[in-house]
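Right, one structure below, let's go through it.
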Amino acid sequence: LNPLDAGPLGEKLPDNPELLRERLDEIHRRRIGLLSSLLMVRLDRKLTPTEEAALSLAIRYSSGQISGNTRLADPTISQVWALLRDPTPDMARELRIRNSNTDELREMIRPIADALGNMVQGSLSGLFDGPTTVRMDFDAPIQTVDLSRIDGRGDETVAMTLACVSSWGQAAIDTPGGPVRMVIRDELWRAMRVPAMIRKVDSDLRLSRAQGTIQVLSTHRLADFEAVGPEGSEEVTIASNLIASCDVRICLRQDTAPLKMTKDAIGLTDTECAHIESWSGEQVGRALWKIGRSQSQIVQVMLSPLERQLYYTNERMSLATTPSSAVRR
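Residue numbers (the working numbering): 5 to 333.
Encoded structure:
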């Protein structure tokens, strides 16, 4: 997956010079925004102004935009890393480093260069270091991305991959004249490990009508919205507001005792919380539905045989266990 792939925005570029410039600038903004988000995950901090400026410049050099080209290449992290690891005198001059000293610039941006190096050569190698090998068809009736094969690489890798997919999906949504789209984010708790993704989801919910999208968020527990950061942090505040931004809230069985802010955000009463906690494993699909601030309803969802075949995820748990297959821990 190349995080810097232009995606749908790089296709059918307009002939009008002004519109073309706007499109290329938008592609660059998305690239710098996404790569900054990925680096924030690796560094566990925000980028400094100098780091962000150097990153932007390296992307422009790698794509050919700095030379005034209108047909740009999709840069790779490897190319950007090479420029940050060994910055050129032109880059030092553009960034107004004293005496255009490349050694001084190299030390100033070493943290982001090392973080990109980890993506290219370290634990993330083979995922983000080359051209994209899979093209998503955003003209298809439905497009789904299965990340199960990278589960073993850890939640951080999954979160970074979700950030890439989200960026490409947004490019398709923003394509002029596109259809109304339903955007479904499954396993939202993983995406919320990236602070920038929390803000992205919040923005998408607020702008859904303007963008022509229907946003669906799915996560395991309501408590996931409070586990994105320290209590009282900006991330927790934004995450709890995500629930308040949703018109329809469907709560299946879970423990509501740990909840603090989200009970108020959803408007759950003590009686409703008692219902949610009382359902057993035999009542799969039973949920409390709240539409707006209206009175809640208890709904039992029934799966058709085809839906059960497609969406049943407990195959491993339903297999007969024999003494020979039992594992003692």
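Backbone N, C-alpha and C define an ideal beta-carbon position, used for all residues, glycine too.
Owing to the predicted nature of the structure, the values given are computational and were not obtained by experimental measurement.
Practice problem: Specify, as a first and last residue, the run of the alpha helix (DSSP H) that A291 falls within. | Solution: No alpha helix (DSSP H) holds A291; the beta strand (DSSP E) holding it covers 290-295.
Quiz item: Which parts of the region 216-249 are runs of the alpha helix (DSSP H), unbroken and 4 residues or longer, counting only runs that do not cross its ends?
Solution: 238-249
Quiz prompt | Simplified DSSP state of V303, which is helix, strand or coil | solution = strand
Exercise. Leaving out five residues on either side along the sequence, give the residues of the same chain with a beta carbon under 8 Å from the beta carbon of A96.
Key: Excluding sequence neighbours, A96 sits near S104, N105, T106, E108, L109.
Practice problem: Please go through the same chain and pick out, in chain order, the residues whose beta-carbon is closer than 8 Å to the beta-carbon of A278, but skip the five residues on each side of it. | Solution: none
Self-check item: Residue environment, T74, which counts as buried when at least 16 other CB atoms sit within 10 Å
Solution: exposed
Practice problem: List the whole-angstrom C-beta distance separating L348 from S222, where the pair is believed to meet the contact cut-off of C-beta under 8 Å. | Solution: Summary: the structure shown does not reach residue 348, with the chain confined to residues 5 through 333, and so no result is reported for it.
Quiz item: In chain order, what residues of the same chain have a beta carbon less than 8 Å from the beta carbon of R185, not counting five sequence neighbours either side?
Solution: A176, I177, G216, T217, I218
Quiz item: Out of curiosity, what's the CA-to-CA distance linking L23 and R197?
Solution: 35 Å
Self-check item: V205 in three-state terms, based on DSSP
Solution: Note: V205 maps to helix in three-state DSSP.
Practice problem: Give every residue of the same chain whose Cβ lies closer than 8 Å to the Cβ of P183, excluding the five residues on either side of it in the sequence, and list them in chain order. | Solution: G216
Exercise. Let me know if P93 comes out buried or exposed under the rule of 16 or more other beta-carbons within 10 Å of its beta-carbon.
Key: P93 should be labelled exposed.
Self-check item: Sequence ranges, alpha helix (DSSP H) only - wholly within the region 69-140, length at least 4
Solution: Within the region 69-140, the complete alpha helix (DSSP H) segments at least 4 residues long are 81-89, 93-98, 106-112, 114-125, listed from N- to C-terminus.
Quiz item: By a C-beta neighbour count over all protein chains shown, 10 Å radius and 16 as the cutoff for buried, is E26 buried or exposed?
Solution: exposed
Quiz prompt | Alpha-carbon to alpha-carbon, S282 and Y65 | solution = Between the C-alpha atoms of Y65 and S282 there is a straight-line separation of about 59 Å.
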